[in-house]
Each structure stands twice: as C-alpha cells, then as structure tokens.
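To start, the structure under review is shown below, and the notes come after it.
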Amino acid sequence: MAAVAAQRVKLTALSAHMRLALYAVLILVFVVFPLVWILFLAPTTGTGATTFGSAVHDPKDFLITLLNGIFGLMRVVNMAHGAFFLLGGYIALKLQRQLVGQGSVFGLTSDQVTLVHWLYPVLIGTVIVALIGLLMQQVFLRWNQGQDLRQALITIAISIILADLMLPGYKGLGGGIAQDISWPKTFDKFVNLHVSGIQYTLTRLVILGIAVGIGVSLTVWLKWTRTGMVIRAGVDDRAMVSALGINIQLTFAIAFVVGSALAGLGGVIGGSFASLAPGVDANWLLYSLVVVIIGGMGSLGGAAVGSLLLGLTGNFSAAYLPSNYTYYSIIFTFVLVAVVLAVKPLGLFGRPA
Amino acid sequence: MTVPVSADRIVGAGALLAAILAPFYLSSYWVGTLLTQMLFLGIVAASLIFLSAYGGMVSLAQVAVYGIAGFVLGNATTNGNTKGLNLGWSPWIGIVLGIVIAVAIGLLFGALASRSVGIYFLMITLTYSVIANLFFSQVTDLSGFGGISGIRAPNVIGNVEAHQNRLYYVALVTAFGVYLLLRYLVRTPFGLTLQGVRDDPVRMASLGYNVPLHRTVAFGFASLIAAIGGILFVWWNGHVDPASIDLGATIDVLVIAVLGGLYRLEGAWIGALLFVIVNNYSQRIGFIGDRFHTLIGAIFLAIVLVSPSGMIGLWERALSLFSGRRRGPLDRNPIEVGPAEPSV
Numbered sequence: 548m549a550a551v552a553a554q555r556v557k558l559t560a561l562s563a564h565m566r567l568a569l570y571a572v573l574i575l576v577f578v579v580f581p582l583v584w585i586l587f588l589a590p591t592t593g594t595g596a597t598t599f600g601s602a603v604h605d606p607k608d609f610l611i612t613l614l615n616g617i618f619g620l621m622r623v624v625n626m627a628h629g630a631f632f633l634l635g636g637y638i639a640l641k642l643q644r645q646l647v648g649q650g651s652v653f654g655l656t657s658d659q660v661t662l663v664h665w666l667y668p669v670l671i672g673t674v675i676v677a678l679i680g681l682l683m684q685q686v687f688l689r690w691n692q693g694q695d696l697r698q699a700l701i702t703i704a705i706s707i708i709l710a711d712l713m714l715p716g717y718k719g720l721g722g723g724i725a726q727d728i729s730w731p732k733t734f735d736k737f738v739n740l741h742v743s744g745i746q747y748t749l750t751r752l753v754i755l756g757i758a759v760g761i762g763v764s765l766t767v768w769l770k771w772t773r774t775g776m777v778i779r780a781g782v783d784d785r786a787m788v789s790a791l792g793i794n795i796q797l798t799f800a801i802a803f804v805v806g807s808a809l810a811g812l813g814g815v816i817g818g819s820f821a822s823l824a825p826g827v828d829a830n831w832l833l834y835s836l837v838v839v840i841i842g843g844m845g846s847l848g849g850a851a852v853g854s855l856l857l858g859l860t861g862n863f864s865a866a867y868l869p870s871n872y873t874y875y876s877i878i879f880t881f882v883l884v885a886v887v888l889a890v891k892p893l894g895l896f897g898r899p900a
Numbered sequence: 018m019t020v021p022v023s024a025d026r027i028v029g030a031g032a033l034l035a036a037i038l039a040p041f042y043l044s045s046y047w048v049g050t051l052l053t054q055m056l057f058l059g060i061v062a063a064s065l066i067f068l069s070a071y072g073g074m075v076s077l078a079q080v081a082v083y084g085i086a087g088f089v090l091g092n093a094t095t096n097g098n099t100k101g102l103n104l105g106w107s108p109w110i111g112i113v114l115g116i117v118i119a120v121a122i123g124l125l126f127g128a129l130a131s132r133s134v135g136i137y138f139l140m141i142t143l144t145y146s147v148i149a150n151l152f153f154s155q156v157t158d159l160s161g162f163g164g165i166s167g168i169r170a171p172n173v174i175g176n177v178e179a180h181q182n183r184l185y186y187v188a189l190v191t192a193f194g195v196y197l198l199l200r201y202l203v204r205t206p207f208g209l210t211l212q213g214v215r216d217d218p219v220r221m222a223s224l225g226y227n228v229p230l231h232r233t234v235a236f237g238f239a240s241l242i243a244a245i246g247g248i249l250f251v252w253w254n255g256h257v258d259p260a261s262i263d264l265g266a267t268i269d270v271l272v273i274a275v276l277g278g279l280y281r282l283e284g285a286w287i288g289a290l291l292f293v294i295v296n297n298y299s300q301r302i303g304f305i306g307d308r309f310h311t312l313i314g315a316i317f318l319a320i321v322l323v324s325p326s327g328m329i330g331l332w333e334r335a336l337s338l339f340s341g342r343r344r345g346p347l348d349r350n351p352i353e354v355g356p357a358e359p360s361v
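Protein sequence lines, in the order shown, are assigned to chains A and B.
Positions in the first sequence are counted from 1; adding 547 to them yields the working numbering.
Positions in the second sequence are counted from 1; adding 17 to them yields the working numbering.
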C-alpha cells in the first residue's frame, strides 16, 4: 500500500507539462513517425512483404487490439481467448464451406465467394463465440470474482477442452493442413491509394477499418456511455457499485459477451487473413499476452500502443536481421517484453489494481 | 508434533518404501515408463509448487526452463546425425552446462517478473514459455521443428531401454534429494523471508528486505530444480523437440501441480502419478480414445471448481475429520487467496 501511494505521489510530482511532453513524444515516436514513414518514405516496391511498410500494414497489430477487449474491459484474464479465437474461425470456416458448397481440401478461391458468403459466417461465428463466452462467465466465473488466479485457471481448463475438441473438426476439414476462410471477391483486389502510386490490397484496408472502428466504438462506449462508466467503476470497486443499487452482474455479463464476441470476430478475420490450424491459438495467445504486458492491463490505449510496438518489433527485426538469422527475430519479442518490464513492471499504461 | 504430521510421515515413509521396492513387484513397463515419468514430472511440478507455496508466484515458465536444460544437453552431447550443434562433449559437461545455462536464463526471467504478482506474473511467465517454444522451433541451428534425437545418458546409467531400473533409481534418488533440499530451504532464513514476502511484500520491503531480489533468487532456485527435471526427461526420452515444451506441456505441468495441491511439495508427485496413469490408461477407454486432453481438462476444471487444494487437500481434510483439528494450511492455498499487493 505504502509503496503504491508513494508511486502516486511520484507521478503527481511530475508536473503536468512534463507528462504532456512525455505523451507527445510517445505519440510522435509510435504513431506519427510510422504513419509518415508508410505514407511517404517507405519504398514503393509494389506489395513486397518485407519492405519497411510491412511493419505497420501487418493487420495482426490491429487484430490484437480487437482481441484485447476482455483483458481491458474487466481485468478478468481470459486465457481461453486463443481457443475462442480458433473456435470463431472454425465455425466461420465450416459455415462458409457449406454455404458455397464446393471447394476441395485446398479451400475456396475468392471467385467462388460472394460478400454474403463472408459476412454471414462472420456474424454467426461472432455470435456463437459470444454466447459461449456468456455461458462460461455465468456458469464458471460469476461466483468467484476477485479470485484472479482461480478464474485464470478455470479459463485455462476450458481452453484445453475447447482446443482438444476442435482437433478432430479441423482434421476433418483439411486433413491437418492449415485452412483459411476465403475473402469475398468484393475485397480481394488491389486499390490505388493515390499516394506515390502505391497499390494496396483492399482486404488489409478492410481489416484496418474494422479494427479502427471497433477501437473507436469501444473507447466511446467505455468512456462516455452509462454502461461503460459502470464497467469501469465496477472494475475498481465492485462492492461499492453494487451498493449503489446497480446490477453489476448484468453489466459484467454484457462486458464479457462483448469481449468474447471480439475474440470470435478476431478469429474469423484472422482466419481470413492468415490461416487456421490447431496450435495456432498458442501464437495468438502469445500476441495478446505480450500486448497486455506491454500496454498494461485495463487500458485500451495501452493495447493499441502495445500491438503497434509488437508488430513493429517483429517485422523490423525480421527485415533487418541478416537473411540467415531472420528466425532469431523471436528474441526481439522477448527483448521488447524485457525492456518494458524492466522500466514499467505494470506495463506502459498499467495502473495498480 | 501434531497428529496430522505423524500420519503424514507414516504415509510418506510407506510411499517411499513402495517406490524403492517397485521394480520387484511391478512390470518393467510400469517402472520404466510410468513411474520414471512420474518422478521427473514431479520434480518439475515441485519447482512450480515451491514457487507458489512459499513465494506466492504461480509460474508457467518451469517447462521452458526444463526444456532449455534439455536442449542445451542435447546440443552439447550429441555428435552427428541429428539437428543442433552436435558438440559431442562428455555427458557430465552437458549436465553442468545445461543446468548452468537454464539457471542463468531462469534468473533473468525471474528478475524481469519479480516486480509483478498474481495474474500478471502468470501472464509474464506464460509468455516466456511460448517464446521459448517458438525460439526452439524457429532456430534451426539449435533444434528446429524436429528436435534433437539420440541423446544418451552417461555410461553409469547406460542404455535406458535396456536398463530401465537404473534410470528409475537415479530419478528416485534425485526426486527425494530435491524434496529434502526444498524442505530444508524453506526452513532457512532465506526461506522464511521468502514466506514473509509471499504474505506481505510491502511490510517486508519496509523492514528493509529486498523483495524483488528474494523473488528473483527463489525463481533461480526453482529453475535449478526444473533444469534437473529436464535433464532426467531428456535421458528418459532420448529426444527433445519443441513439442516437448509447447503450450500443452506447460499446461500439463500446471495441471499436475494443481491436481496434487499447489501448496505442499508432496502434491507434485501425487499429481504426477495421477497424471501419468490417466494419460496412459484413458486411451483404452472407448469413448475417450484420443481425447485425452479433454479428459485432463475436465478433471482440472473439476479440481479448480470443487477442491482447489487438490489431492493433498482431500487428504488433509480426511485427516482433520478423524482428528477433529484445524483445517491445516488449507488457507495458504494460492488459488483461494487473493493476490498480494504489488510492491513497486
């Protein structure tokens, strides 16, 4: 307690100007610079995946922001996030194959897929995962709020079960080969950005749009609506909010549904962009863990900055390492985590519970 | 001493005797496969239980450390015909090198996570674990996806297939040594301070103790134990690949520790025994078949929901029924206790 209080004092002791300057520098370094780089300076060699531009146009960054809904919303660490992600993708994949009704083990091509064939699985996958999340919260997590570790272990148990049950399903779909959800023809093309003549895939812009849209609406929801305020208050002091006559259980259930839905949606979009296979959930879990550790728990802005940093680090290190050593780039992810933890144990934007 | 303790002692001595005599009344499959596996998995789980019971840190990085020791040993001792560096050094150098490197990395891991507690600590250590797995699957110089095979135990143990009892006894002696060492450690001034740090880090800090340093040293020590387990694993398996330290393996060790009881060292081997038995025999049950992980997940879920103190908790509860005494150290169980205040 004393240490926490001391830290607060230290923080306020930093003058308002200094903090403003600090934030300005951070924003400049991590947001403005990459944007300028991408738009004006990055080599314009078509769509080459290893150009500098790839560091930011990797939609993974933005997906992770989606994924982090629940971490940020309620401080419940849902370790089943990776499994939810995979489940959302799996449902959508299966549904799309059935809707289109053709295609081989190698999947569909975008010519066969219309916008409806994509939107419908997106919707259903998201809704089903949201419902499963709600079920999990009501049955397993509701009655032991405050026991962080127990909740985390429960979600780990559920993720083991879900991931294992999905295995035969995936095997049935593609014989163990990674599968992807096909983009509709509408999105699967290049557009001219009219900036130095860059041709850019529309799919990435769609992902970017969805991610930014969700990020903005989440922020608005949490900051300015009544439900959002109750959620934030409930995270800080559940008993007090409850004593004020607010149905905190309902609010938390809503938050959990939203978080799970985001994980499911992330899975569908991730499955469209990359591919889905058993075991992929570990990668996605790593991304979301790193983002939360870097950004700090309970902060949407932290999640955004964290995912940007993670994406930049991964791609820049892979691009700059000598070609024989590209696969060492995973070390830089660790270095990133290490540096942040050494300086700020609670993450860049984290605050004590 | 009180009644429960003496009952513990009797059962413990009986279990040890049963373990020593096991090769005489059990099939070589049981001894060479199940019990040896139980012993080294128990050692790794014991390192996790030590951290959680006495340091208040539930770490998911134990399997990563265990794997690092195994990969170093593999790289150092094989010569030719497999992936990795194939340095071809003596197995003894390999052991020392494996343990030293694993402990050094463990100390680094611990130092970085030492200012975090509870769920945050869990996340950080899980990250270590996933990174270690990805590192060894991507870096083909050291291992690559297929891993290192043909790793031999030292000549004293000889061919593990041919002399299954030798490795079993080595593992048994090591496990018992680890158990005694940990029991001793928690009674030293360092161990007592560590328990103080677990219970009230802020107070310990204001008394002048260096809280992060204590956590780091404890983590380094747990890494030593996990590394020993890793060496035994590699000898037993003869092969190490990234899949042996993947997310599933990490969670398996967590399951073992929780099954046994996260707050007493003995729980590690009890949980490990249950785990290997379920792992081995569930495949013969028709409707479970390949879905072993669903079964383990369900058991894990049931334990966390119904009896978070695991098998050891059931045992203590049974004892307290007979003696009508206090519930014992159940209230120490980290799953049921909220996280300590962060000390920054």
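Each residue gets a CB set at the ideal place from its N, CA and C atoms; glycine is no exception.
Since residue 811 of chain A contacts residue 634 of chain A with CB under 8 Å, what's their CB separation in whole angstroms?
-> 7 Å
Would residue 101 of chain B pass as a contact of residue 165 of chain B if the rule is Cβ separation under 8 Å?
-> yes
Endpoints, alpha helix (DSSP H) assigned at residue 176 of chain B = Here residue 176 of chain B belongs to no alpha helix (DSSP H), and DSSP marks it neither H nor E.
For the alpha helix (DSSP H) containing residue 739 of chain A, list its first residue and its last residue.
-> Where residue 739 of chain A is concerned, there is no enclosing alpha helix (DSSP H), although the beta strand (DSSP E) it sits in stretches over 737-739.
Inspect the CB distances between the stretch 279-288 of chain B and the stretch 676-695 of chain A and report whether three or more fall short of 8 Å.
-> no
Using a Cβ cut-off of 8 Å (strictly closer), state whether residue 137 of chain B contacts chain A.
-> yes
Identify the continuous beta strand (DSSP E) that holds residue 685 of chain A and give its terminal residues.
-> It is not in any beta strand (DSSP E) - residue 685 of chain A carries neither H nor E in the DSSP assignment.
Inside the stretch 177-264 of chain B only - alpha helix (DSSP H) runs reaching at least 4 residues | 181-202, 206-216, 218-223, 228-254
Which chain B residues sit within Cβ distance under 9 Å of residue 668 of chain A?
-> Ordered by position in chain B, no residue passes the 9 Å Cβ test against residue 668 of chain A, which lies about 25 Å from the chain.
Looking at the unbroken beta strand (DSSP E) that takes in residue 746 of chain A, where does it start and where does it end?
-> 746-748
Taking 8 Å as the cut-off, decide whether the C-beta atoms of residue 829 of chain A and residue 629 of chain A are in contact.
-> yes
Residue 898 of chain A CB to nearest chain B CB: under 8 Å?
-> no
Output the distance between the C-alpha atoms of residue 289 of chain B and residue 660 of chain A, rounded to the nearest integer angstrom.
-> 50 Å
State buried or exposed for residue 236 of chain B, treating a residue as buried only when at least 16 other CB atoms are found within 10 Å of its CB.
-> buried
Give the C-beta separation of residue 106 of chain B and residue 177 of chain B to the nearest angstrom, bearing in mind that I take them to be a contact with Cβ-Cβ under 8 Å.
-> About 19 Å; that fails the 8 Å criterion.
Report yes or no: do the stretch 140-156 of chain B and the stretch 73-90 of chain B share at least 3 C-beta pairs separated by less than 8 Å?
-> yes
On the three-state DSSP scale, how would you describe residue 848 of chain A?
-> helix
Endpoints, the alpha helix (DSSP H) within which residue 332 of chain B is located = 327-340
First through last residue of the alpha helix (DSSP H) which encompasses residue 818 of chain A = 795-820
Tell me, please, whether the CB atom of residue 89 of chain B is closer than 8 Å to any CB atom in chain A?
-> no
Residue 262 of chain B versus residue 739 of chain A: straight-line alpha-carbon distance, rounded | 46 Å
Who are the near neighbours of residue 832 of chain A in its chain, counting only those whose CB is closer than 6 Å to its CB and skipping five residues on each side?
-> 629
Measure the alpha-carbon distance for residue 96 of chain B versus residue 249 of chain B and round it to whole angstroms.
-> 20 Å
Does the Cβ-Cβ distance between residue 247 of chain B and residue 86 of chain B come in under 8 Å?
-> yes
Excluding the five sequence neighbours on either side, which residues of its own chain have a C-beta within less than 7 Å of the C-beta of residue 709 of chain A, listed in chain order?
-> 627, 630, 634
Decide if the stretch 813-824 of chain A is in contact with the stretch 748-757 of chain A; the criterion is three or more beta carbon pairs, one per stretch, under 8 Å apart.
-> yes
Whole-angstrom distance between residue 849 of chain A and residue 898 of chain A, CA atom to CA atom = 11 Å
Anyone know if the C-beta pair for residue 854 of chain A and residue 864 of chain A falls short of 8 Å?
-> no
Under the three-state DSSP convention, the category residue 588 of chain A falls into = Interpretation of residue 588 of chain A is limited by its pLDDT of 41, a score under 50 that renders its predicted location unreliable; the figure taken from the coordinates is listed afterwards. Residue 588 of chain A: helix per DSSP, three-state reduction.
Is it right to say residue 53 of chain B is buried, meaning 16 or more other beta carbons lie within 10 angstroms of its own, or is it exposed?
-> buried
Who are the Cβ neighbours of residue 641 of chain A in its own chain at under 6 Å, not counting the five residues just before and after it?
-> none
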